[in-house]
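Colleague: Oh and the sequence shown: position 244 is 229 in our numbering, straight run, nothing missing.
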Amino acid sequence: MNWDIIGHRWAVEQLRASIQAGSDAHAYLIGGPPGLGKALLALRIAQALNCESSPGDPCLSCRACRRIAHGNHPDVRLASMERQAAGLKAEEAARQKELKIATVREWQRDIALRPYEGRRRVLLLHDAERLSEEAANAMLKTLEEPPPHATLILVANSTDLLPTIVSRCRVLRLRPLPRQQVAEALIARGVAAADAALLAAWSGGRIGWALALLDDPEALARRSAQLTDLLAIHAEGRGAGMRWAEQRAKEYRGGEQETVFAWLELWQGWWRDVLLIAAGSPEGVVNIDRHTELQQAARRHPLPQIFDFVSRIGQAAQQLRENGNPQLVLENLALHLPRAAM
-14 MNWDIIGHRW AVEQLRASIQ AGSDAHAYLI GGPPGLGKAL LALRIAQALN
36 CESSPGDPCL SCRACRRIAH GNHPDVRLAS MERQAAGLKA EEAARQKELK
86 IATVREWQRD IALRPYEGRR RVLLLHDAER LSEEAANAML KTLEEPPPHA
136 TLILVANSTD LLPTIVSRCR VLRLRPLPRQ QVAEALIARG VAAADAALLA
186 AWSGGRIGWA LALLDDPEAL ARRSAQLTDL LAIHAEGRGA GMRWAEQRAK
236 EYRGGEQETV FAWLELWQGW WRDVLLIAAG SPEGVVNIDR HTELQQAARR
286 HPLPQIFDFV SRIGQAAQQL RENGNPQLVL ENLALHLPRA AM
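1. Just mark residue 25 as buried or exposed, buried being the case when its beta carbon has 16 or more other beta carbons within 10 Å.
2. In three-state DSSP terms, what is residue 267?
3. Express the C-alpha separation of residue 81 and residue 67 in angstroms, rounding to a whole number.
4. Indicate whether residue 41 and residue 5 have their beta-carbon atoms separated by less than 8 Å.
5. Leaving aside the five residues before and after residue 319 along the sequence, list all residues of the same chain whose C-beta is less than 7 Å from its C-beta, in chain order.
6. Pick out the complete beta strand (DSSP E) segments inside the region 33 to 88, 3 residues or longer, and give them in chain order.
7. For the candidate residues 149, 311, 44, whose alpha-carbon lies nearest to that of residue 232?
8. With a Cβ-Cβ cutoff of 8 Å, do residue -7 and residue 159 count as a contact?
9. On a CA-only basis, which of 271, 240, 64, 267 is nearest residue 251? Give me that one, please.
10. Of the residues 294, 304, 9, which one's Cα is nearest the Cα of residue 133?
11. Quick one: Cα of residue 100 to Cα of residue 135, how far?
12. On the three-pair Cβ rule with 8 Å, is the region 143 to 153 touching the region 12 to 23?
13. What residue from 27, 90, 283 has the CA that sits closest to residue 111's CA?
14. State buried or exposed for residue 22, treating a residue as buried only when at least 16 other CB atoms are found within 10 Å of its CB.
15. Using CA atoms only, rank isn't needed, just tell me which of 262, 114, 34, 163 is closest to residue 102.
16. Three or more C-beta pairs under 8 Å: does that hold for the region 272 to 287 against the region 231 to 250?
17. Residue 61: which of 93, 44, 70 sits nearest, CA to CA?
18. How big is the Cα-Cα spacing for residue 327 and residue 156?
19. Just mark residue -5 as buried or exposed, buried being the case when its beta carbon has 16 or more other beta carbons within 10 Å.
20. Using beta-carbon positions only, say whether residue 83 and residue 38 come within less than 8 Å of one another.
21. Using 8 Å as the threshold, is the region 209 to 224 in touch with the region 47 to 60, meaning 3 or more CB pairs across them?
22. Output yes or no for whether 8 Å exceeds the beta carbon distance between residue 164 and residue 190.
23. Mind reading off the beta-carbon distance from residue 282 to residue 259? Whole number of angstroms is fine, and I expect it under 8 Å.
24. Measuring straight from C-alpha to C-alpha, what distance separates residue 140 and residue 36?
See the structure below:
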């Protein structure tokens, strides 16, 4: 049994054994990059704790499992940035940068209630890395003295939370899957082998990301077009880079932060591939459909310059997350575009 989860068998086996033995934790922290399946694993824990047929191994078909999957089980409650912004005007929702203490307080009121029809009351908190300082401190009090009937599950795109929060949770750090495993999972869903290999390479081991693209074929075309636009910046020079930075800054201020981060991730992935080619390690290249262009870029740019720009893209993303001015952050990045060696 793998809880109908692709990969992460070590985590599933650990959870199954502890739930069946009655030694499951009162709080879990599931961390890792986006698209790995963290939300699905959190959902499966809630089902495993409340399954009517086989506790520890969710059957996924009983009334409790179905209601949890559909989000309408009275004993499984969810909080997240998306829910916090629900009902707000678009402009106000775009300004939401943190999980606020009001969201945590409402979540905590649910924790105090005893289970209505299940064995456990399960509280899921997504985007836990975005807890405000005030909200994180409020969360600590619940983690220190959790109700005996409740299980808390924090889901985060990193485990860079307050050390005191991390220390009070059983931490499950999910890792990207092997490329071959992602490809096999896609082939099992009817994807042609060549397309599966390409999508698996692009996914970086993020099975959730790959599966999401299967439901949105236009996303593949958008990704390819975006990468072409980024490569054009290097051909056209810094003026094109500054125009790109201005457009992305407008998107960021308009509430499309995740779109901007996706641009940066794509750009960093490209230059990481160039770095691998230049260093003579092509096995880990992601953009396998653009091998010729990667080789050309690797020949044109000195290795230290490539490495520096890869690092700068990561720094720019971090500065944005720390509320840096998007216009200044992105323009500074554009000013450091790698120059071709003479």
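Even glycine gets a Cβ: it sits at the ideal position worked out from N, Cα and C. Being a predicted model, the structure only gives us computed values, none of them experimental.
Modeller: Result, derived from the coordinates:
1. Taking all protein chains shown into account, residue 25 has 16 or more neighbouring C-beta atoms within 10 Å of its C-beta and is therefore buried.
2. If DSSP states are grouped into helix, strand and coil, residue 267 belongs with the helices.
3. So the alpha carbons of these two residues sit roughly 9 Å apart.
4. Taking 8 Å as the Cβ cut-off, residue 41 and residue 5 qualify as a contacting pair.
5. Excluding sequence neighbours, residue 319 sits near 223, 226, 227, 229, 230.
6. The qualifying runs are 61 to 64.
7. Per the C-alpha coordinates, the member of 149, 311, 44 positioned closest to residue 232 is 311.
8. Result yes, Cβ atoms of residue -7 and residue 159 sit closer than 8 Å.
9. When C-alpha distances from residue 251 are compared across 271, 240, 64, 267, the shortest belongs to 271.
10. Residue nearest to residue 133 within the set 294, 304, 9 is 9 (criterion: CA-CA distance).
11. Whole-angstrom Cα-Cα distance: 8 Å.
12. Enough Cβ pairs lie closer than 8 Å, so yes.
13. Of all alpha-carbon atoms in 27, 90, 283, the one lying nearest the alpha-carbon of residue 111 is that of 27.
14. Counting the other Cβ atoms within 10 Å of the Cβ of residue 22 gives 16 or more, which makes it buried.
15. Looking at 262, 114, 34, 163, the one whose alpha-carbon comes closest to that of residue 102 is 34.
16. Because the criterion of three Cβ pairs below 8 Å is not met, the region 272 to 287 and the region 231 to 250 do not touch.
17. Here the closest residue by C-alpha is 93.
18. Note on residue 327: pLDDT 48, under 50, position unreliable in the model; the coordinate value appears next. Distance between residue 327 and residue 156, taken at the CA atoms: about 50 Å.
19. Burial call: exposed.
20. Result no, Cβ atoms of residue 83 and residue 38 do not sit closer than 8 Å.
21. Put simply, the region 209 to 224 does not touch the region 47 to 60. Fewer than three CB pairs are less than 8 Å apart.
22. Yes.
23. Sure, about 5 Å apart at Cβ, within 8 Å.
24. Straight through space, the alpha carbons of residue 36 and residue 140 are spaced by roughly 21 Å.
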